[in-house]
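Asks: Protein chains in written order, with our numbering: chain X, 1 to 472; chain P, 1 to 472.
By construction, the Cβ of each residue, glycine as well, lies at the ideal position given by its N, Cα and C atoms.
Structure below; questions to follow.
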């Protein structure tokens, strides 16, 4: 018995050729069993059935995302591959393949996708630095304001009424509003993929995107009030602005104060890596929660949390086991040499905050981008008239954000900033959806906004990639 | 303006004392704002509202779990702390605190909890080794069989019906089944904490615990079929066993064959840590999915996947950046010395498969244990009769596993093996939960099993500690 098992387990190694026959046999037995048992077992097994199906969707999304990394071979950032892979998976239904459709409505995948973009912005916040951000503060503010005002005016008062005459003024307001959005996730990923997060351009775009979110919140509140109440009070707007500013300033001040205290307190319970990781991630998620409660996007909170956290807050945690192990081996080596080696290893321990988040990010971030791609409905592009109008609106979308690049001041590449602000992503869609819910945005306008969002989202990585590589 | 912001942000560092007043002010403003805006904004904000609330629950669960690590200070495994913390959070409702109640019904938390136990078993599989398991051999198999049969017979046919007369026979079956479990995680952690993993006793216990898991899951499949199908024919049992064996043998054979191929293929796309991590986790989740499709628990698949995966499958991935960095510093050092240092660092790279999973595990595994604790309804423990029964069942739990120690053969401490097999941990709770879902295990029996699990988990480290020190 024991020998039989032993031989069976060693078989694959010993019989490389014959094993193929066995594998085909096993697959022929297992596959029908698996899919035949689907119907009969889904009720009786019960426990974990839904979760297990979600495991399969996660595996499909992650493997697809990793296959899409092939775009890096042609010099494109991997985020583009993930988006395109999502577009493909999401539109296979046009070819009669319905297999992947349940992913779109899966609540857990949707949550993991949301968690993904929150973790991404938290990571980017961790890699950014408050003091660097402060240096570009005024520039970012200017870029944000111009990047909101120009597209809004163009969309709501000039190009909108010109290319789509005869709509109510409220409809033009929503087109303008959708054009103001900045979805920082895609731009941030491109900069991260290319290792350009430390550039001045990246800092300005990140700062401007946070300010944009606050401005977008105000615009949304104002035009919603104008549509539903017909007018808008200064008091309501002031309160919205006050809350947002209070949150951002308050969270940074309190966070900076609380982080070292929390770090020290929990290090007394345990000084392991798991504790450090948990504290870090909880900090990010709690700020994402707070931001949403205040009416801001959760990603803004996560980004702020990342900005606040600093490795020094976790100096009580000793995770550099490798340092101790190597030190043993270094006993009788020249002190100068010894110091250098320990420093080389230490530099890895210091990066640990980001490194600890990395595996969780590798798990959830691709889900966000594949899901973003899956939300693209290619069939909206089948109507040539709508497609024409959408192209014009897309040109306005790019032009409006290009204008924001012009006020970025000296010493930075204005084009990179302009294109970097361009992706509208989910934020633009939220405006369109709210407009639709209010009965102001009809199906045609909705499709036009969706196409504009698709095009700004898909083209930006390609163009940014060219610009960033040219800059170097 | 810029200076004002700058001074405001630097304030916390400069004015340690005055900041407290400011913090109190901010909290007084923010907290009512956040919770007052809950109702008014939940409709208008819409987007991300549900996800953000789930972020809060995750933060609460993880922080609670980490606080519970304090039990380690009194020599208890942290898993016990997480369970107890879950019991506390889940029963605050008895004190009129309803705040944490929504966690129990949150689908996403439930999913993350399920993912947690799958990841845990995947980790344990990764830490185990097919070849080491083979060496443990006949002794472990005997210990496992006796450790399953004796507690099952005692629980399901003798002590169960005697102490709890009048229940359906299915209920006794689940009590017996829950008594068969051995928690690999808890057992391994106890021995590791005591530095006794290399002893012969530890090897036998680990091997037996692994076999116990498989036997237990066959028992689970059989009694689940008996409950859902009313009766069970030899044919059905044989088919369940055949499927389980087919799956385990098939997955090990195919997996061992496929893993190097998959590793090599994907390494051609990318050789980074993220790719390695993604492949590893996808391997585990895919096997979890397959197991569930075959009618087994997802954790069996995850464990099998972990058993199959070996660092050698990922030899094409270069994640040991630290090795390269240090090598630079080692240029003119004696080759003998150099080799030793590189080996010391390398040993960390080799453990990378487990290390990569660790942060994800730190994120989801505590959710499983806290949620398990939250499922405990303390009010059923108020009944002295239930408490009495639970004590008797706990004695049976210890006695049944003590019997397994008697067949461990010569040259080993039979008592240590008996007590080492005793913790029921999450496996026993899974039986209880499935029984509850099937409507067979009522709240009283569930509480009895949970008390038994907590007691076997609580007393084992204390008793083992005494026995192992006496042995030395």
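Can you confirm whether residue 114(P), when its beta carbon is compared against all beta carbons of chain X, has any partner nearer than 7 Å?
Replies: Yes, residue 114(P) lies at the interface with chain X (some Cβ there is under 7 Å from its Cβ).
Asks: Just to confirm the assignment, what range does the alpha helix (DSSP H) spanning residue 280(X) have?
Replies: Where residue 280(X) is concerned, the enclosing alpha helix (DSSP H) stretches over 273-294.
Asks: Closer than 9 Å, Cβ to Cβ, to anything on chain P: give me those residues from the segment 90-102 of chain X, in chain order.
Replies: Residues passing the 9 Å Cβ filter: none.
Asks: Buried or exposed: where does residue 379(P) fall if 16 or more other Cβ atoms within 10 Å of its Cβ makes it buried?
Replies: Exposed, by the Cβ-count rule.
Asks: Please decide whether residue 76(X) counts as near chain P, where near means a Cβ-Cβ distance under 7 Å.
Replies: No, because no Cβ of chain P sits closer than 7 Å to the Cβ of residue 76(X).
Asks: Compile a chain-ordered list of the residues in the segment 178-207 of chain X whose CB is closer than 9 Å to at least one CB of chain P.
Replies: Answer set for the segment 178-207 of chain X: empty.
Asks: I need the DSSP call for residue 211(X), collapsed to helix, strand or coil.
Replies: DSSP places residue 211(X) in helix when its eight states are reduced to three.
Asks: Distance, Cα to Cα, residue 118(X) vs residue 302(X)?
Replies: So the alpha carbons of these two residues sit roughly 6 Å apart.
Asks: Considering only their Cβ atoms, is the gap separating residue 370(X) from residue 61(X) smaller than 7 Å?
Replies: Against a cut-off of 7 Å, the Cβ pair of residue 370(X) and residue 61(X) comes out as a contact.
Asks: Enumerate, from N- to C-terminal direction, the unbroken beta strand (DSSP E) stretches of 3 or more residues contained entirely within the segment 366-399 of chain X.
Replies: You should have found no qualifying run.
Asks: At least one CB of chain P closer than 7 Å to the CB of residue 370(X): is that the case?
Replies: No, its Cβ sits nowhere closer than 7 Å to a Cβ of chain P.
Asks: So, helix, strand or coil for residue 445(X), using DSSP?
Replies: Note: residue 445(X) maps to helix in three-state DSSP.
Asks: From residue 405(X) to residue 81(P), what distance separates their C-alpha atoms?
Replies: Taking the straight line joining both Cα atoms gives about 54 Å.
Asks: Return the chain-ordered list of same chain residues with a C-beta closer than 8 Å to the C-beta of residue 106(X), the five sequence neighbours on each side being excluded.
Replies: Excluding residues within five positions, the ones whose Cβ falls inside 8 Å are 54, 57.
Asks: Tell me, please, whether the CB atom of residue 464(X) is closer than 7 Å to any CB atom in chain P?
Replies: Answer no: the Cβ-Cβ gap between residue 464(X) and chain P never drops below 7 Å.
Asks: Can you pull the chain C residues whose beta carbon is under 8 Å from the beta carbon of residue 233(P), in chain order?
Replies: Although the question refers to chain C, the structure presented lacks it and instead comprises the protein chains X and P.
Asks: How is the alpha helix (DSSP H) around residue 415(X) delimited, first residue to last?
Replies: Looking at the DSSP string, the run of the alpha helix (DSSP H) that includes residue 415(X) is 414-420.
Asks: For residue 108(P), go through chain X and note every residue whose CB falls closer than 8 Å to its CB, in chain order.
Replies: The answer, in chain order, is 107, 108, 111.
Asks: Going by DSSP in three states, residue 32(P) sits in which element: helix, strand or coil?
Replies: Caution is warranted here: a pLDDT of 49 is assigned to residue 32(P), below 50, making its placement in the model unreliable, and the coordinate value is therefore given only provisionally. Looking at residue 32(P) - three-state DSSP - the assignment turns out to be helix.
Asks: In three-state terms, what does DSSP make of residue 484(X)?
Replies: No answer is possible for residue 484(X): it lies beyond the span of chain X, which begins at 1 and ends at 472.
Asks: Which bits of chain X does residue 127(P) rub up against, with CB to CB less than 7 Å?
Replies: Those within 7 Å of residue 127(P) in chain X number zero; the least Cβ separation is about 15 Å.
Asks: Under the rule that 16 or more other beta-carbon atoms within 10 Å means buried, what is residue 460(P), buried or exposed?
Replies: Residue 460(P) is buried by the Cβ-count criterion.
Asks: Please list, in chain order, all residues of the same chain as residue 247(X) whose beta carbon is under 6 Å from its beta carbon, the five residues on each side excluded.
Replies: Around residue 247(X): 294.
Asks: Quick one: does residue 461(X) have its CB under 7 Å from some CB of chain P?
Replies: Closer than 7 Å: no.
Asks: Is the number of C-beta pairs between the segment 386-398 of chain P and the segment 163-174 of chain P that are closer than 8 Å three or more?
Replies: Yes: at least three Cβ pairs fall under 8 Å.
Asks: Flag this pair as yes or no: are the beta carbons of residue 304(P) and residue 287(P) separated by less than 7 Å?
Replies: Yes. Within cutoff.
Asks: Taking 7 Å as the threshold (beta carbon to beta carbon), is residue 289(P) in contact with chain X?
Replies: Taking Cβ atoms only, chain X reaches closer than 7 Å to residue 289(P), which makes this a yes.
Asks: Going along the chain, which residues of the segment 434-454 of chain P sit with their C-beta nearer than 9 Å to a C-beta in chain X?
Replies: Going along the segment 434-454 of chain P in chain order, one finds 434, 437, 438 with a Cβ nearer than 9 Å to chain X.
Asks: For residue 100(P), does the three-state DSSP call read helix, strand or coil?
Replies: If DSSP states are grouped into helix, strand and coil, residue 100(P) belongs with coil.
Asks: Using a Cβ cut-off of 7 Å (strictly closer), state whether residue 219(X) contacts chain P.
Replies: Chain P contact via Cβ: absent.
Asks: Under 7 Å between the Cβ atoms of residue 277(X) and residue 116(X)?
Replies: Going by C-beta atoms, residue 277(X) is not nearer than 7 Å to residue 116(X).
Asks: Look at the alpha carbon of residue 267(X) and the alpha carbon of residue 273(X), and state the distance between them as a whole number of angstroms.
Replies: Going from the Cα of residue 267(X) to the Cα of residue 273(X) covers about 10 Å.
Asks: Grab me the residues of residue 32(P)'s own chain with a C-beta within less than 6 Å of its C-beta, minus the 5 sequence neighbours each way, in chain order.
Replies: With a pLDDT of only 49 at residue 32(P), under 50, the local geometry of the prediction cannot be trusted, and the value read off the model is given with reservation. Here the set comprises nothing.
Asks: Would you grab the beta carbon distance between residue 279(X) and residue 133(X) for me? Rounded to a whole angstrom, and I think it's under 8 Å.
Replies: So it is not a contact: roughly 23 Å between Cβ atoms.
Asks: Output the distance between the C-alpha atoms of residue 222(X) and residue 428(X), rounded to the nearest integer angstrom.
Replies: Rounded to whole angstroms, residue 222(X) to residue 428(X) spans 16 Å at the Cα level.
Asks: Do the CB positions of residue 423(P) and residue 372(P) come within less than 7 Å of each other?
Replies: Not a contact, by the Cβ cut-off of 7 Å.
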